[in-house]
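If you read the protein sequences in the order shown, they are chains A and B. So the number in my numbering is just where the residue sits in the first sequence, counting from 1, plus 48. So the number in my numbering is just where the residue sits in the second sequence, counting from 1, plus 2. Glycine included, every Cβ here is placed at the ideal spot set by N, Cα and C.
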Amino acid sequence: MLTFAIFFPLVGALLIAALPKDQERSAKVIAAVTTAIVLAAVAYMFIDYDRGASGYQFIDSTTWLDSGISDFNLNYTVGLDGLSLPLVLLTAFLGLVSILISWRIELRPKEYFVWLLVLETSLLGVFSSLDLVLFFLFWELELIPMYFLISIWGSGNRIYSAWKYVLYTFFGSAFMIVGILTLGFTAGTFDIRELAEVGSFDDAIIPAWSIFTLLSIAFLVKMPIVPFHTWLPDAHTDAPTAVSVMLAGVLLKMGGYGILRMSLSIMPEQAADANVIFAVIAAVSIIYGAMMTLVQTDLKRLIAYSSVSHMGYVLLGVSSIGLVGLTGAATQMVTHGLITGMLFALVGMVYDRAHTREIGDLSGLATRMPFITAMMLVAGLASLGLPALAGFTAEITVFLGTFERHEAFTIIGVLGVAFAAGYILWMIQRVFWGPPDPKWAELTDATAWWERGPIIALTIAIVAIGVYPAWIMDLLRDGVAPIAERLA
Amino acid sequence: MLDPIKEGAVWAIMFLPLASFAIITLVSFLGLTRSGAWSPRYSGYLTILAILGSFLLSLWALDSVADTDGARIGFDSHEWLTVGDLQVNIGITLDGLAAVMLVVVTGVSLLVQIYSQEYMREDEGYNRYFAFMSLFTASMLGLVLASSVLQLFVFWELVGLCSYLLIGFWFQKDSARRAALKAFMVTRIGDLGFMIALLIIFTQTGSLDIDEIYEAAIAGAIGSTALTLFALGLFAGAAGKSAQFPLHTWLPDAMEGPTPVSALIHAATMVAAGVYLVARFYPVFAVSEDALLTIAIIGSITTIGAALLGIVATDIKRVMAYSTISQLGYMMMGLGVGGMVAAIFHLFTHAFFKALLFLGAGSVNHATGTFDMRLMGGLRKYMPITYGTMIVASVALVGIFPFSGFWSKDEILADAWADRPWVFVVGMAGVYLTALYVGRMIIMTFWGEYRGGVQAEDEEHAGDAHAGAHHRAPHESPALMTLPLLVLAVLAFGAGFLNVPGFHWLGDIIEGWLPHETEELLTHTDFKLWIAATSVAIGLAGLGTAWAIYQAKMLDPARIRSFLQPLPQLLDNRYYLDYLYETVFVKELVLGSARWGLALWDEYVIDGAVNGLASATGWSAEQLKLAQTGQVQLYGGVMFLGTIAAVIGILVVNP
Chain A
49 MLTFAIFFPL VGALLIAALP KDQERSAKVI AAVTTAIVLA AVAYMFIDYD RGASGYQFID
109 STTWLDSGIS DFNLNYTVGL DGLSLPLVLL TAFLGLVSIL ISWRIELRPK EYFVWLLVLE
169 TSLLGVFSSL DLVLFFLFWE LELIPMYFLI SIWGSGNRIY SAWKYVLYTF FGSAFMIVGI
229 LTLGFTAGTF DIRELAEVGS FDDAIIPAWS IFTLLSIAFL VKMPIVPFHT WLPDAHTDAP
289 TAVSVMLAGV LLKMGGYGIL RMSLSIMPEQ AADANVIFAV IAAVSIIYGA MMTLVQTDLK
349 RLIAYSSVSH MGYVLLGVSS IGLVGLTGAA TQMVTHGLIT GMLFALVGMV YDRAHTREIG
409 DLSGLATRMP FITAMMLVAG LASLGLPALA GFTAEITVFL GTFERHEAFT IIGVLGVAFA
469 AGYILWMIQR VFWGPPDPKW AELTDATAWW ERGPIIALTI AIVAIGVYPA WIMDLLRDGV
529 APIAERLA
Chain B
3 MLDPIKEGAV WAIMFLPLAS FAIITLVSFL GLTRSGAWSP RYSGYLTILA ILGSFLLSLW
63 ALDSVADTDG ARIGFDSHEW LTVGDLQVNI GITLDGLAAV MLVVVTGVSL LVQIYSQEYM
123 REDEGYNRYF AFMSLFTASM LGLVLASSVL QLFVFWELVG LCSYLLIGFW FQKDSARRAA
183 LKAFMVTRIG DLGFMIALLI IFTQTGSLDI DEIYEAAIAG AIGSTALTLF ALGLFAGAAG
243 KSAQFPLHTW LPDAMEGPTP VSALIHAATM VAAGVYLVAR FYPVFAVSED ALLTIAIIGS
303 ITTIGAALLG IVATDIKRVM AYSTISQLGY MMMGLGVGGM VAAIFHLFTH AFFKALLFLG
363 AGSVNHATGT FDMRLMGGLR KYMPITYGTM IVASVALVGI FPFSGFWSKD EILADAWADR
423 PWVFVVGMAG VYLTALYVGR MIIMTFWGEY RGGVQAEDEE HAGDAHAGAH HRAPHESPAL
483 MTLPLLVLAV LAFGAGFLNV PGFHWLGDII EGWLPHETEE LLTHTDFKLW IAATSVAIGL
543 AGLGTAWAIY QAKMLDPARI RSFLQPLPQL LDNRYYLDYL YETVFVKELV LGSARWGLAL
603 WDEYVIDGAV NGLASATGWS AEQLKLAQTG QVQLYGGVMF LGTIAAVIGI LVVNP
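Right, here's the structure in full:
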């Protein structure tokens, strides 16, 4: 079932690739059906998941490369636990959303949808892999579709941004592969479940803390953290809308997921030692990211920078190295994915109509587009941490979990919440409120089903987590509980 | 009398208006308002009906609580979220304090909604208005009923959101969008204190249940520093919502919303929330002398500072906004001197006369099209009901015997005298200033000759949406508007009799829930005739001064101004606080340093590093040329294979 879900997008991609040139329009239909089937499969697993049981479920395992040198085999092993299942669900959900909001793509639609589907497979693979080498392969595979999606369908300085994105990730990957190999050869396995049982890597060829650092750098760059964040605003701003949604919604979570699944699970001792460093980095990212956000004048750049700040809360929760903080961090990944995905989708709709993202050029759009405005307000309020919406649930859990260990850094994090209110409401005030500009009198609201549908679905998810978070947080809690135990 | 109220009925108090919000939102969303299937009128009726239901249930709740002498009626709480040590429950706190608040909130809200039916009749945002008003009321009720501090915080923030939405209701107006943003930001600064308080108390007690926090505070289980910090954090939140110095600056600008919204904000919701919060946690505050002293000081500064501003304001709604801030200062004073009962009693009476004053101001605006008192005058001839009811409210505000404000203000002053005499002196000075601005407001608005209203005014500066649609001569407002005024006038006169010397019915209910240990820490004083007589005399003196200056013109205001310089200049610039916050703090400090950081780091240092990649970019451009031949699949495949080759290569070479 899980393997089917991971690779089914590739089937859809092959079908689209096989389409004759004159039927390019059906590409989007195939893509939508494909991602809908994937979402249905993942939703089925979400419901079918046995919440009482511990460990991984839906495991598929086989050996795909027998090295013959030693007892080393490269294994294909995938499975889900409470931590990865919500992220897989998020990926499948945003996967469908990103196809729908691309409905009007005109430029080379065949290839566009092929790459989006390849991207989905690679992301599902990253969150499902239980083997380090497999994890790394999926991790790298994601770069290819991203490179093409940004550099061909992007805007502005798109080639530069695409390369910047690829190079930053490669930079991290170079460290990660060394870390992965050292871990694997020290423990004699690449299986994540077995590695987590090892506990100590003191007899590795390099000091254990350096393995930990090598692994973590790749994840921190991906998250991203200050000062390795500058690829993010560029990539976001120049990427097409759907790619921004996937980038903010899912790709950044690869970093947070890696930290939890690899760094903390496999090397708990080193992670516990690093908690102060994590807290410092988190606090810097939160405040620095928020301050950078305040001075942005481009809608997409503004939301991109806000992601730097919000992903800082993930790291802050991690730095608590306790169950509550880790649960908050994991929840923040899911909620940030939904909220920022929604913000990017809406900004894309504004950009499609106004052909500008300059905040200074826009004014009084509320009278022209009441639906987009109302939804932007919901997403914005969720982003600034308004209670009863998803963001608050995650952030308050992070704060409650982290305060005891890092009082000062948590208070800095709380200050970030005030900044968030500032940049979100300032943006809404400038763009949507205010006197209607005659220049924008021709703009139309979002009325098509493929625009409204995804936005309404995202809103429902955000409200559902905000009002009664237990349905997803119980799962995430049980997912991070073994990690918290190892850290204790 | 009645059976004790059931849990479901208490929840319904909050859920009725919430349902009204949900229905109106859904209906608008489905486009039924545009197709005509749902007349906007229905939104108004639905809101009124829902809040009427809440009001009746609140009366039932008050009746039940009266039977227990204000003690808490216990309901089980419900599990909401459990993560390890963090257990968040949601449930109901129904005790004397909560029940009194419920009645005030639903009662005032009900009258405001009825009034709004007429006032907002022509507005195209009619549906939106009632949806937000329903949510506003529901949030405030949720805040009052919360049994865990996190649950309280959730509704606390929702109240803030609704005030943001309603202050910015006419979002096309530049001033409205600014005022809305300001209200949200300033109160959120205070809320940071609330959030930190929440973290402190959870770390200290491991619980978020309000009951358990009381127990821990009384048992001394919380370190005294942590306890004081917790209390001060809560008070920071309260100071934001209840517009205490120096976080009061949002409230005068909040006038940008429709006038009934102001009435609701100033009387029953939003600003009442801060006072309620301090009262709700009084068992904690009572054991922290430092926190109480802080509250007394801030309350005193606010009382005087805002009353002075009220004297120079020319916009009738602004006068009342400063009046509200000043009166909230009194309530905080009361809380700071151990007079929790007096403070809530004052909140209770103030709700009626302040709602009445605002609705009266709205009625005046309905007639003249302006809020500028310099363009009014002589309205008592044209608007007898509005005039009469406003007089009742004004006399209650000044605190003249036997109007409601007299009883509650007198109790605060008596408590102050017993606990901190310096607060008493400040309070007496406040009475004089209050009388002065109230007298000035009445004289400028209703006495003398009519000065032309909106016709005399530049169209651009017109007040509410009503500008333009106005007749030559001002006229009394229709019955839907005057009826609430009359009801409120009765309450503004008589609400004080529920708690007079010898008959402490309301006061006993308000304090009946307090743990025994806390009750002993309260200031309990007897009625002192000399205090009552002095405050009435000072009030009359203030009114007399206003009459002498503005009616009899015995003193020239201009000369007083020049005599008092630089105070008037300071007041005209509202103590330069707006300048300090907006220009110095936000623009220069925060945005300035952010731009500097952006220039220095994100663009300079990183760009420098990226320059090294320039060649790579050039190379990539060549790549893209090839890619654009349409054979992306091929290149993708090549890259994919390359990656795998690289990985296997590393695998073989590295060990």
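Residue i CB to nearest chain A CB: under 7 Å?
{"i": "B:Ser22", "result": "no"}
{"i": "B:His463", "result": "Any reading at B:His463 must be qualified, since the residue scores a pLDDT of 45, below 50, and its modelled position is unreliable; the value itself is stated next. Answer no: the Cβ-Cβ gap between B:His463 and chain A never drops below 7 Å."}
{"i": "B:Gly86", "result": "yes"}
{"i": "B:Thr251", "result": "no"}
{"i": "B:Ala596", "result": "yes"}
{"i": "B:Phe186", "result": "yes"}
{"i": "B:Glu159", "result": "yes"}
For residue i, count neighbouring C-beta atoms within 10 Å of its own C-beta (all shown protein chains included) and say buried if the count is 16 or more, exposed if not.
{"i": "B:Val586", "result": "exposed"}
{"i": "A:Asn205", "result": "exposed"}
{"i": "B:Asn575", "result": "exposed"}
{"i": "B:Lys8", "result": "exposed"}
{"i": "A:Gln318", "result": "buried"}
{"i": "B:Val492", "result": "exposed"}
{"i": "B:Trp346", "result": "Before going further, note that residue 346 of chain B is Ile rather than Trp in the sequence given. Buried, because 16 or more other Cβ atoms sit within 10 Å of the Cβ of B:Ile346."}
{"i": "B:Glu126", "result": "exposed"}
{"i": "A:Leu155", "result": "exposed"}
For the beta strand (DSSP E) that contains residue i, what are its first and last residues?
{"i": "B:His80", "result": "His80 to Val85"}
{"i": "B:Tyr92", "result": "It should be noted that the sequence gives Ile, not Tyr, for residue 92 of chain B. B:Ile92 -> beta strand (DSSP E) spans Leu88 to Ile92."}
{"i": "A:Asn121", "result": "Asn121 to Leu128"}
With DSSP run on the structure shown, which of helix, strand or coil describes residue i?
{"i": "A:Ile149", "result": "coil"}
{"i": "A:Ser248", "result": "coil"}
{"i": "A:Asp98", "result": "coil"}
{"i": "A:Val372", "result": "helix"}
{"i": "A:Val293", "result": "helix"}
{"i": "A:Met49", "result": "coil"}
{"i": "B:Ala616", "result": "Here the model assigns B:Ala616 a pLDDT of 49, short of 50, so the residue's position is not dependable, and the following value carries that caveat. B:Ala616: helix per DSSP, three-state reduction."}
{"i": "B:Ile75", "result": "strand"}
{"i": "A:Ala70", "result": "The residue asked about is misnamed: residue 70 of chain A is Asp in this sequence, not Ala. Helix, per DSSP."}
{"i": "A:Asp522", "result": "helix"}
At a Cβ threshold of 7 Å, is residue i touching chain B?
{"i": "A:Val71", "result": "According to the sequence provided, residue 71 of chain A is Gln. The question's Val does not apply to it. Output row for A:Gln71: interface = no."}
{"i": "A:Arg416", "result": "no"}
{"i": "A:Gln380", "result": "no"}
{"i": "A:Phe451", "result": "yes"}
{"i": "A:Thr285", "result": "no"}
{"i": "A:Thr507", "result": "no"}
{"i": "A:Ala290", "result": "no"}
{"i": "A:Ala252", "result": "no"}
{"i": "A:Met339", "result": "yes"}
{"i": "A:Gln105", "result": "no"}
For the alpha helix (DSSP H) that contains residue i, what are its first and last residues?
{"i": "B:Phe247", "result": "Here B:Phe247 belongs to no alpha helix (DSSP H), and DSSP marks it neither H nor E."}
{"i": "B:Val489", "result": "Ala481 to Gly496"}
{"i": "B:Leu64", "result": "Pro42 to Asp69"}
{"i": "A:Lys158", "result": "Pro157 to Ser176"}
{"i": "B:Gly739", "result": "Shown here, chain B extends from 3 to 657; a query on residue 739 of chain B therefore has no answer."}
{"i": "B:Asp130", "result": "For the record, residue 130 of chain B in the displayed sequence is Arg; it is not Asp. Looking at the DSSP string, the run of the alpha helix (DSSP H) that includes B:Arg130 is Tyr128 to Leu147."}
Is there at least one non-hydrogen atom of the ligand PLP closer than 6 Å to the beta-carbon of residue i?
{"i": "A:Met224", "result": "With respect to small molecules bound, the structure shown includes none, and the ligand PLP cannot be examined in it."}
Give, in chain order, every unbroken run of the beta strand (DSSP E) that is at least 3 residues long and sits entirely within the region 402-465 of chain A. Those beta strand (DSSP E) runs which fall completely within the region 402-465 of chain A and span 3+ residues do not exist here.
Whole runs of the alpha helix (DSSP H) within the region 274-301 of chain B, excluding any shorter than 4 residues: 284-287
Considering only residues of the region 553-609 of chain B, which uninterrupted alpha helix (DSSP H) runs meet the minimum length of 4 residues and lie entirely inside it, listed in chain order? 559-566, 569-574 and 594-599
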